[in-house]
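Working notes, beginning with the structure itself.
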Amino acid sequence: MGVIVIVAYRPKAGQDEMLKQLVQAHVPILRGEGLTTERAPLILRTKDGSILEIFEWKSTESITQAHNNKIVNELWDKFHTACNYIAPSQIPEFKDLFAAFEPVNW
Numbered sequence: 001m002g003v004i005v006i007v008a009y010r011p012k013a014g015q016d017e018m019l020k021q022l023v024q025a026h027v028p029i030l031r032g033e034g035l036t037t038e039r040a041p042l043i044l045r046t047k048d049g050s051i052l053e054i055f056e057w058k059s060t061e062s063i064t065q066a067h068n069n070k071i072v073n074e075l076w077d078k079f080h081t082a083c084n085y086i087a088p089s090q091i092p093e094f095k096d097l098f099a100a101f102e103p104v105n106w
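Heads up, the sequence shown is in full-length UniProt numbering, so the first residue is 1 and it goes up one at a time.
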């Protein structure tokens, strides 16, 4: 059974464009490695400029496999250069009953 996750990225100074490119490549690379479903990811921007990515892993085992995958780890290393991962609870909009975000259509 699939596992849907919400990942929040806060871009580092001057890294907005790099983060954009990485998020665009993220799920296609995971999918190419057989780790995610065909469900299209949702990419959203918060009021403070953070990016939310919502996507579906094939299974919890797929998540473990990703952490042991050279291609995925190389991509994730680039994410560490471009952004900080933050807990979704740190996104102010999630305090609202109906959290609203800007859809990103790169």
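Glycine is no exception: its CB is placed at the ideal position from the N, C-alpha and C atoms. In this text, all values refer to a predicted model and were calculated from it rather than measured experimentally.
State the Cα-Cα distance for the pair residue i and residue j, rounded to the nearest angstrom.
i    : j    : result
H26  : A100 : 23 Å
P11  : K95  : 21 Å
I91  : M1   : 28 Å
W76  : E102 : 24 Å
E56  : T36  : 6 Å
D48  : Y9   : 11 Å
N105 : K58  : 24 Å
E74  : G14  : 21 Å
Q65  : Q24  : 21 Å
Output yes or no for whether 8 Å exceeds the beta carbon distance between residue i and residue j.
i   : j   : result
I51 : I43 : yes
F98 : L22 : no
T46 : E17 : no
Can you tell me the Cβ-Cβ gap for residue i and residue j, rounded? I've got them flagged as a contact below 8 Å.
i   : j   : result
C83 : L30 : In fact, because the Cβ distance is near 17 Å, the residues do not count as touching under 8 Å.
I54 : I86 : 15 Å between Cβ atoms; not a contact.
E33 : I71 : 6 Å
T81 : V3  : Not confirmed; about 26 Å, so no contact.
Provide the residue(s) that pair with residue i in DSSP beta bridges, ordered along the chain.
i   : result
E45 : Per the sequence presented here, residue 45 reads as Arg, with Glu not at that position. Bridge partners of R45: I51, E102.
E56 : I4
Open item on the list: What ranges does the alpha helix (DSSP H) occupy inside the segment 6-43, keeping only unbroken runs of at least 4 residues that lie completely in it?
Closed with: 16-32
TODO: Taking only runs that begin and end inside the segment 54-96, name each unbroken alpha helix (DSSP H) of 4 or more residues, in chain order.
DONE: 60-67, 70-82
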